[in-house]
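Chains as they are written, first to last, in this note's numbering: chain L, 219 to 466; chain Z, 219 to 466.
Even for Gly, the Cβ is constructed at its ideal location relative to N, Cα and C.
Note that the coordinates shown come from a computational prediction; the quantities given were computed from them, not determined experimentally.
Notes for the one structure printed next.
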DNA sequence: AGCGCCTGTTACGATCTGTCACAAAATCGC
DNA sequence: GCGATTTTGTGACAGATCGTAACAGGCGCT
């Protein structure tokens with residue numbers, strides 16, 4: 219059901235050593251080192267690393283490639299709760315079961331650690347607990363943004379937000395070429411839209427000159443500022459007044 | 219701005235000691251103890267404890283009452299990212315700034331800790347780091363469910379899911395009376411709907427006999443199973459087969 | 001090079017939710 | 001207690017997005 223196109227080839231050449239700069243800042247990256255000891259596994263596009271509902275026994279780090287986290291509702295509706303790229307760690311916050319299926323979008327290489335081992339190491343090394351917490355806090359923040367997107371943004375704003383967030387996650391994405399390794403269906407299921415709506419919006423953004431297609435799975439952001447305005451980036455804010463919430 | 223009003227007097231007699239049973243299970247609750255040392259502050263309905271965009275200097279625990287976390291977009295659109303009830307801790311995962319305004323819905327009593335102090339205590343006591351992490355992981359899980367709700371559920375399913383989740387958070391909520399301290403507008407902004415749609419759906423659920431109004435800010439769940447079916451509870455699952463995610 | 005499949009695009013009617021208007025009910029303040 | 005304000009409920013209508021369907025184009029395979 220998932221035929222793979224040659225997409226993969228387009229992804230790799232510029233792929234960084236495993237982490238984007240943003241991920242590295244202000245961290246000692248010991249989790250990074252922990253995973254670095256593990257062997258690398260490979261997944262073809264469409265292959266799953268774990269399935270929704272299975273007992274959660276591992277934690278993963280994506281080395282290169284791209285993955286999606288998919289949740290299927292009882293009646294078949296599909297939601298993608300996130301995309302994973304090089305350097306991302308997934309599984310940190312899981313309880314007993316995997317809440318999503320985690321599948322490769324492009325050819326992907328990853329490393330795994332058993333949760334047991336992971337927890338042991340976190341307990342052993344004092345720096346790892348906080349780092350794990352930090353990563354989860356970042357994930358939480360991104361998920362909150364996704365809630366805002368889904369609750370109150372229209373289709374055009376959703377797509378604009380999505381393209382920008384992808385651009386930010388890719389080295390030189392702003393103003394440059396942004397790779398879209400996922401299908402339109404993936405984008406739709408991530409943005410709470412249909413595939414047709416995503417397609418129409420992409421066409422409209424192209425007509426407006428905000429983006430330009432670069433093959434089917436990449437775009438060039440031509441007017442980043444306009445796109446950002448559309449995306450309703452809520453600048454975190456002009457609310458600069460120091461009204462203290464009263465000191466206890 | 220925070221009139222230390224005489225609210226404390228209104229302190230509800232039947233209020234539990236500050237935590238629902240569910241919150242307590244499997245935890246040593248040392249964070250609980252940490253907050254217990256702090257003085258109690260009171261908020262009137264509509265009063266904010268912190269404002270979106272302000273520097274995040276405190277962590278809070280709700281003692282009694284109910285609060286909402288509100289994010290306002292640049293053009294005024296409003297999103298409620300969550301509701302807080304007795305025992306809930308908020309601020310654990312914040313970075314530099316508060317991402318939301320946190321306001322009282324009902325008369326509320328809470329305790330606060332400076333982030334500095336909070337971090338110091340977490341660093342000092344080995345049990346606190348994991349407990350903090352656990353709480354954040356629970357929050358993450360709830361937010362993921364909210365993403366699914368917003369991405370793929372229709373209005374009726376959203377309201378049903380909401381009512382059930384509230385019922386679960388309230389002692390004896392299943393089958394009993396569920397308090398809805400928030401306004402219809404709050405519900406709408408939480409569920410990504412309009413106030414009119416929420417109102418219509420509530421009416422429809424009442425006509426269907428699934429719920430019965432109990433005053434304007436409470437309902438009785440008459441057919442919990444039917445409501446659960448509507449809410450698309452995706453049972454986490456019948457996917458019981460032990461297909462290993464390929465052992466390395 | 002030619003063929004076939006899959007993904008993506010475009011069109012159009014259907015549907016759900018939003019918008020606007022207004023009435024009823026509850027709450028607040030004096 | 002009483003009027004004013006806020007909140008909630010309801011209906012008619014509009015609009016955005018969906019769902020179906022037909023078509024186009026790229027890519028892999030032979």
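{"Check": "So, helix, strand or coil for residue 278/L, using DSSP?", "Outcome": "strand"}
{"Check": "Which residues, in chain order, does the stretch 327 to 343 of chain Z contribute to contact with chain L at a C-beta distance below 8 angstroms?", "Outcome": "330"}
{"Check": "When DSSP labels each residue in this structure, what does residue 245/L get in the three-state scheme?", "Outcome": "Caution applies to residue 245/L, whose pLDDT of 47 falls short of 50 and renders its modelled position unreliable; the model cannot decide the point."}
{"Check": "In angstroms with no decimal places, state the Cα-to-Cα distance between residue 375/Z and residue 255/L.", "Outcome": "46 angstroms"}
{"Check": "What did DSSP end up calling residue 351/L once you bin it into helix, strand or coil?", "Outcome": "helix"}
{"Check": "Excluding the 5 residues flanking residue 400/Z on each side, which residues of the same chain have their C-beta closer than 6 angstroms to its C-beta?", "Outcome": "323"}
{"Check": "Quick one: measure Cβ to Cβ for residue 365/L and residue 361/Z, integer angstroms, because I've assumed they're closer than 8 angstroms.", "Outcome": "6 angstroms"}
{"Check": "With distance defined between alpha-carbon atoms, name the residue in 310/L, 410/L and 429/L nearest to residue 352/Z.", "Outcome": "310/L"}
{"Check": "Evaluate contact between the stretch 277 to 294 of chain Z and the stretch 319 to 337 of chain Z, counting only Cβ atoms and requiring at least three cross-stretch pairs below 8 angstroms.", "Outcome": "yes"}
{"Check": "Check this for me: beta carbons of residue 442/L and residue 385/L, under 9 angstroms apart or not?", "Outcome": "yes"}
{"Check": "Give a yes or no on contact between the stretch 257 to 275 of chain L and the stretch 328 to 343 of chain L, applying the rule of three or more CB pairs nearer than 8 angstroms.", "Outcome": "yes"}
{"Check": "Below 8 angstroms, can you find three or more Cβ-Cβ pairs linking the stretch 290 to 297 of chain Z to the stretch 328 to 348 of chain Z?", "Outcome": "no"}
{"Check": "Roughly how many whole angstroms lie between the Cα atoms of residue 344/L and residue 373/Z?", "Outcome": "46 angstroms"}
{"Check": "If we ignore side chains and look at the alpha-carbon of each, how far apart do residue 449/L and residue 363/L end up?", "Outcome": "11 angstroms"}
{"Check": "Check whether the Cβ of residue 303/L lies closer than 8 angstroms to any heavy atom of the ligand SAM, and answer yes or no.", "Outcome": "Absence of the ligand SAM from the depicted structure is noted, as is the absence of any ligand whatsoever, leaving it without description."}
{"Check": "So, for residue 336/L: in the same chain, excluding its five sequence neighbours on each side, which residues have a beta-carbon less than 7 angstroms away from its beta-carbon?", "Outcome": "277"}
{"Check": "Against chain Z, does residue 436/L count as a neighbour if the rule is that its beta carbon must be under 9 angstroms from one of theirs?", "Outcome": "no"}
{"Check": "Look up residue 303/Z in the DSSP assignment and say whether it is helix, strand or coil.", "Outcome": "strand"}
{"Check": "May I ask you to report which of helix, strand or coil DSSP gives residue 311/Z?", "Outcome": "coil"}
{"Check": "By the three-class DSSP mapping on this structure, what secondary structure does residue 452/L have?", "Outcome": "coil"}
{"Check": "When Cβ atoms are compared, which residues of the stretch 351 to 369 of chain L fall closer than 8 angstroms to chain Z?", "Outcome": "351, 354, 355, 357, 358, 359, 361, 362, 364, 365, 366, 368 and 369"}
{"Check": "Work out the CA separation of residue 306/L and residue 452/L for me, nearest whole Å.", "Outcome": "25 angstroms"}
{"Check": "List the residues of chain Z whose Cβ lies closer than 9 angstroms to the Cβ of residue 260/L, in chain order.", "Outcome": "Near residue 260/L there are no residues of chain Z at all, since even the closest Cβ is about 11 angstroms away, more than 9 angstroms."}
{"Check": "Quick check: is the beta carbon of residue 297/Z nearer than 9 angstroms to any beta carbon in chain L?", "Outcome": "yes"}
{"Check": "Taking the straight line between their C-alpha atoms, what separation do you get for residue 382/Z and residue 429/L?", "Outcome": "43 angstroms"}
{"Check": "Please list, in chain order, all residues of the same chain as residue 444/L whose beta carbon is under 6 angstroms from its beta carbon, the five residues on each side excluded.", "Outcome": "428"}
{"Check": "Between the Cα of residue 270/L and the Cα atoms of 313/L, 339/L and 437/L, which residue gives the shortest distance?", "Outcome": "313/L"}
{"Check": "For residue 411/Z versus residue 437/Z, is the C-beta distance shorter than 9 angstroms?", "Outcome": "no"}
{"Check": "Using a C-beta cutoff of 9 angstroms, does residue 379/L count as contacting chain Z?", "Outcome": "no"}
{"Check": "Could you give the residue range of the beta strand (DSSP E) that holds residue 292/L?", "Outcome": "Element bounds for residue 292/L: n/a, residue is neither H nor E."}
{"Check": "What does the Cβ neighbour count give for residue 389/Z, buried or exposed, with the cut at 16 atoms within 10 Å?", "Outcome": "exposed"}
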